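The opening residue of the sequence shown carries number 443 in the numbering used here; numbering runs sequentially from there. A virtual CB, placed ideally from N, CA and C, is assigned to each residue, including glycine. Keep in mind that this is a model prediction, so the values were computed, not measured. Reviewing the structure listed below.
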Amino acid sequence: EFKGTGNSEIVLDRKLSDKRIFPAMDIQKSGTRKEDLLIDAAKLAKIWVLRKILSASGPSESMELLVDRLGKAKTNDEFLANLQEPPPRR
Numbered sequence: 443e444f445k446g447t448g449n450s451e452i453v454l455d456r457k458l459s460d461k462r463i464f465p466a467m468d469i470q471k472s473g474t475r476k477e478d479l480l481i482d483a484a485k486l487a488k489i490w491v492l493r494k495i496l497s498a499s500g501p502s503e504s505m506e507l508l509v510d511r512l513g514k515a516k517t518n519d520e521f522l523a524n525l526q527e528p529p530p531r532r
């Protein structure tokens, strides 16, 4: 167990794997520390929008949405540029 000493943590989800959704990663529980040092501010803001969008769904729905949207973009920059703010929660 290296939790607390590593810079990144990836959490896998057996339910995603059982559904044959790959990568079988729980996006909401996975992440990296100090991403603000790795990614410029504009892209980081878009990534936070993406996390808000994905947090409204469970792991399966989030990964399916992410894989679908990534498949429609030619580059990561195009993918991030096409993100919209999530609707406000009621």
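Span of the alpha helix (DSSP H), counted from its first residue to its last, around residue i
{"i": "Ile489", "result": "Ala483 to Ser497"}
Status (buried if at least 16 other CB within 10 Å, exposed otherwise) for residue i
{"i": "Pro529", "result": "With a pLDDT of 49 at Pro529, under the threshold of 50, the predicted position of this residue should be treated as unreliable, and no value is reported."}
{"i": "Asp387", "result": "A question about residue 387 goes unanswered here, because the residues of the chain that appear run from 443 up to 532."}
{"i": "Leu458", "result": "buried"}
{"i": "Leu479", "result": "exposed"}
{"i": "Leu454", "result": "exposed"}
{"i": "Leu439", "result": "Residue 439 lies beyond the residue range present for the chain, which begins at 443 and ends at 532; the question has no answer from this structure."}
CB-CB length for residue i against residue j, believed under 8 angstroms
{"i": "Ile469", "j": "Ser504", "result": "5 angstroms"}
{"i": "Ser499", "j": "Leu507", "result": "7 angstroms"}
Residue i Cβ short of 7 angstroms to the ligand ATP heavy atom set
{"i": "Lys514", "result": "Absence of the ligand ATP from the depicted structure is noted, as is the absence of any ligand whatsoever, leaving it without description."}
Bridge partners - residue i, DSSP secondary structure assignment
{"i": "Glu451", "result": "Gly473"}
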